[in-house]
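Notes follow the structure.
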Amino acid sequence: MEYSNLQFFNFQPTPIAAFLLALVSILLGVIAVSHHRAKPSCALPMIGLYHVFMNKTGLIHVTLGNMADKYGPIFSFPTGGHRALVVSSWEMAKECFTGNNDVVFSNRPMPLSFKIIFNAGGIDSAGLSQLPYGKYWRELRKICVHNLLSNQQLLKFRHLINSQVDSSFNKLYESCNKNKNSENEGDSATAAGMVRMDDWLGDLSFNVIGRIVCGFRSDTKTSATSSMERLTVAIDEASRFMSIPAVSDTFPWLEWIDQLTGLTKDMKHHAKKLDLVVESIIEDHRQKRRFSRTKKGDDNTTEDEQDFIDICLSIMEQPQLPGNNYARQMPIKSIVLDMIGGGTDTTKLTTIWTLSLLLNNPHVLDKAKEEVDAHFGTKTKSTNGEIMVDFDDIRNLVYIQAIIKESMRLYPASPVVERLSSEDCVVGGFHVLAGTRLWVNVWKVQRDPEVWDDPSVFRPERFLSNEQKMVDVRGQHYELLPFGAGRRICPGLSFSMDLMHLVLTRLILEFEMKSPRGEVDMTATQGLMSYKVVPLDILLTRRIL
Numbered sequence: 001m002e003y004s005n006l007q008f009f010n011f012q013p014t015p016i017a018a019f020l021l022a023l024v025s026i027l028l029g030v031i032a033v034s035h036h037r038a039k040p041s042c043a044l045p046m047i048g049l050y051h052v053f054m055n056k057t058g059l060i061h062v063t064l065g066n067m068a069d070k071y072g073p074i075f076s077f078p079t080g081g082h083r084a085l086v087v088s089s090w091e092m093a094k095e096c097f098t099g100n101n102d103v104v105f106s107n108r109p110m111p112l113s114f115k116i117i118f119n120a121g122g123i124d125s126a127g128l129s130q131l132p133y134g135k136y137w138r139e140l141r142k143i144c145v146h147n148l149l150s151n152q153q154l155l156k157f158r159h160l161i162n163s164q165v166d167s168s169f170n171k172l173y174e175s176c177n178k179n180k181n182s183e184n185e186g187d188s189a190t191a192a193g194m195v196r197m198d199d200w201l202g203d204l205s206f207n208v209i210g211r212i213v214c215g216f217r218s219d220t221k222t223s224a225t226s227s228m229e230r231l232t233v234a235i236d237e238a239s240r241f242m243s244i245p246a247v248s249d250t251f252p253w254l255e256w257i258d259q260l261t262g263l264t265k266d267m268k269h270h271a272k273k274l275d276l277v278v279e280s281i282i283e284d285h286r287q288k289r290r291f292s293r294t295k296k297g298d299d300n301t302t303e304d305e306q307d308f309i310d311i312c313l314s315i316m317e318q319p320q321l322p323g324n325n326y327a328r329q330m331p332i333k334s335i336v337l338d339m340i341g342g343g344t345d346t347t348k349l350t351t352i353w354t355l356s357l358l359l360n361n362p363h364v365l366d367k368a369k370e371e372v373d374a375h376f377g378t379k380t381k382s383t384n385g386e387i388m389v390d391f392d393d394i395r396n397l398v399y400i401q402a403i404i405k406e407s408m409r410l411y412p413a414s415p416v417v418e419r420l421s422s423e424d425c426v427v428g429g430f431h432v433l434a435g436t437r438l439w440v441n442v443w444k445v446q447r448d449p450e451v452w453d454d455p456s457v458f459r460p461e462r463f464l465s466n467e468q469k470m471v472d473v474r475g476q477h478y479e480l481l482p483f484g485a486g487r488r489i490c491p492g493l494s495f496s497m498d499l500m501h502l503v504l505t506r507l508i509l510e511f512e513m514k515s516p517r518g519e520v521d522m523t524a525t526q527g528l529m530s531y532k533v534v535p536l537d538i539l540l541t542r543r544i545l
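With the UniProt record's numbering as the guide, the letters of the sequence shown map in order to residues 1 to 545.
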């Protein structure tokens, strides 16, 4: 998952802030503009394009894309106390994410919300998403990927993932029965139930990730249930704070405004609550391990039963730790929040956009249904008569794969990838200063008419052609970057892709889907992630398999 400070431009300033921003613009109007790259003519000294974004009703990535049409695939402008470099072509993106430039752009800006809420103010407490690039980050990433996100580890977690997906689909069946269309109540076999998919997919994603990270189980009531509920509320509140723009993120010298408005105080208050919730979950794991050893003389938790927190605690207890004892400092709390927050949003958003596109393009949905029916029509049913969908089925469903890639091309969960240059470098023949904010407009790159025919059209078949059949989302094809690229590419890529394919395949196999209000509204929100403005409601009817 990618995090960005671009939500600031959706901020409507208070009268005090507006006055100060105008004053800054006037006083600094005579300051010379950087000569490294011609800036857009509408950019003002220091505040850059703030006034443009603030007055626009359009989305930031769309506005930046329109500017790229005018100023080219790479342009720069001042933004508060920083300078921004906007990249809008796959060639420029490749320059940023390969060679020495990949190292230079391997850091991320640190917004106020992360500094406070996720305790990312120092190296000992920062999670993977915001930790500065270096030896400590590399060793920590190795530990996390190897023990949670590697293909080998995901194989071990498959039965846990499947059990949580099964539980979520059982709840979906119940919701359909509960919300049946009154016109069809007399025929339970053909009755359609309306379900808000945003809520269901959010719960599914959280339950799956919560199971493998924290050991939560949504299908049974245990002592961990209350912890799970408290963590859900705390993360939702943290997400709300992340969507609130801090003035100091763009204008560092105005940090006192965040303090004056109470934003800093509110964030610190919530940070304490979130810390207590996560600490209690980790302490529960420690107590279970101590009890297990007292009872059995050793840790009797089997490898298959261990979740990610158990694995982290085991690593930290080893006399010889990997990475020159870096694991001893492992910030479990921040990593847990990274894994749950990042994985939940990406999986949920991509699946929502994909379903929306399918409902607006019924011919594609019909073709997907044909592929799914053909594949599972020859598959042996389970003892209870149900068709079992497994991860191994995914590689045979090439059209489903193409649908998800095309959805991520049109509606990437993070439309803009943001990085921070750690030293001077050269991109596109232009000198870039250390401390420059790099904004890679993924949305624009993935709709480049020089690369994609009819770039705004939803056409999964493009990924079945010889030219683009091998294009994937794993950061090696710079025309398709929904997970980013380079050293900071999303570590949960494989997990998210597997889960999205599994869920979409089951929905198509087990339900007839229809929009209750005609064409689905595809308007996106402004902010960190590309959410739909209008929640997705779908009329679902169980299929007779």
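Just so you know, even glycine gets a beta-carbon here, dropped at the ideal spot from N, CA and C. This one's a predicted model, so the numbers in the text were calculated from it and none came from an experiment.
Item, Value
"Status (buried if at least 16 other CB within 10 Å, exposed otherwise) for residue 35", "Annotation note: pLDDT 44 at residue 35 (below 50); position unreliable, coordinate value reported separately. Label assigned to residue 35: exposed."
"Candidates 209, 409, 280, 238: closest to residue 226 by CA position", "280"
"Own chain, CB closer than 8 Å to residue 265, minus 5 neighbours either side, in chain order", "259"
"Residue closest to residue 339, alpha-carbon to alpha-carbon, out of 406, 248, 235, 363", "235"
"Touch test, the stretch 406-414 against the stretch 348-360, Cβ-Cβ under 8 Å, three pairs minimum", "yes"
"Where residue 456 falls, given that 16 or more other Cβ within 10 Å makes a residue buried", "exposed"
"Whole-Å CB distance - residue 106 paired with residue 487, under 8 Å assumed", "5 Å"
"Cβ-Cβ distance between residue 95 and residue 475 below 8 Å", "no"
"Bridge-paired residues (DSSP) for residue 540", "193, 513"
"Residue span of the alpha helix (DSSP H) that contains residue 463, given as start and end", "Here residue 463 belongs to no alpha helix (DSSP H), and DSSP marks it neither H nor E."
"Any 3 or more C-beta pairs closer than 8 Å across the stretch 86-100 and the stretch 438-449", "yes"
"Cα-Cα separation, residue 67 to residue 334", "37 Å"
"Contact under 8 Å by Cβ, residue 492 with residue 343", "yes"
"First and last residue of the uninterrupted alpha helix (DSSP H) at residue 354", "332-360"
"contact_flag[the stretch 203-218, the stretch 358-372] where n(CB pairs < 8 Å) is 3 or more", "no"
"Spatial neighbours of residue 482 in its chain, beta-carbon cut-off 6 Å, leaving aside the 5 residues before and after", "408, 412, 473"
"Nonlocal neighbours in the same chain, by C-beta distance under 6 Å from residue 73, ignoring five residues either side", "88, 89, 92"
"For residue 100, three-class secondary structure by DSSP", "helix"
"Sheet register partners of residue 78 (DSSP bridge)", "83"
"Whole runs of the alpha helix (DSSP H) within the stretch 418-459, excluding any shorter than 4 residues", "442-445"
"Reduced DSSP secondary structure (H/G/I, E/B, other) of residue 485", "coil"
"Cβ separation of residue 436 and residue 83, assumed to be a contact under 8 Å, to the nearest whole Å", "5 Å"
"Given residue 541 as reference, the closest of 533, 523, 511 once Cα atoms are compared", "511"
"Residue 544, buried or exposed, once every other Cβ within 10 Å from all chains shown has been counted against 16", "exposed"
"Residue closest to residue 509, alpha-carbon to alpha-carbon, out of 371, 459, 439, 147", "371"
"Close-in-space but distant-in-sequence residues of the same chain around residue 521 (CB under 6 Å, 5 per side omitted)", "534"
"Exposure of residue 389, with buried meaning 16 or more beta-carbon neighbours within 10 Å", "buried"
"CA nearest to the CA of residue 113, picked from 249, 468, 507", "249"
"Reference residue 278, options 369, 174, 118, closest by Cα", "118"
"CB contact flag (residue 513, residue 538, <8 Å)", "yes"
"Where residue 273 sits in the DSSP three-state scheme", "helix"
"Segment contact, 8 Å Cβ cut-off, at least three pairs: the stretch 237-244 with the stretch 267-274", "yes"
"Buried or exposed by the 16-neighbour rule on C-beta atoms within 10 Å, applied to residue 417", "buried"
"Residue 170 (DSSP reduced to helix, strand or coil)", "helix"
"Cβ neighbour criterion (16 or more within 10 Å) applied to residue 134", "exposed"
"Burial state of residue 27, where buried means 16 or more other Cβ atoms lie within 10 Å", "Because residue 27 carries a pLDDT of 46, less than 50, the predicted location of this residue cannot be relied on, and the following value inherits that uncertainty. Exposed, by the Cβ-count rule."
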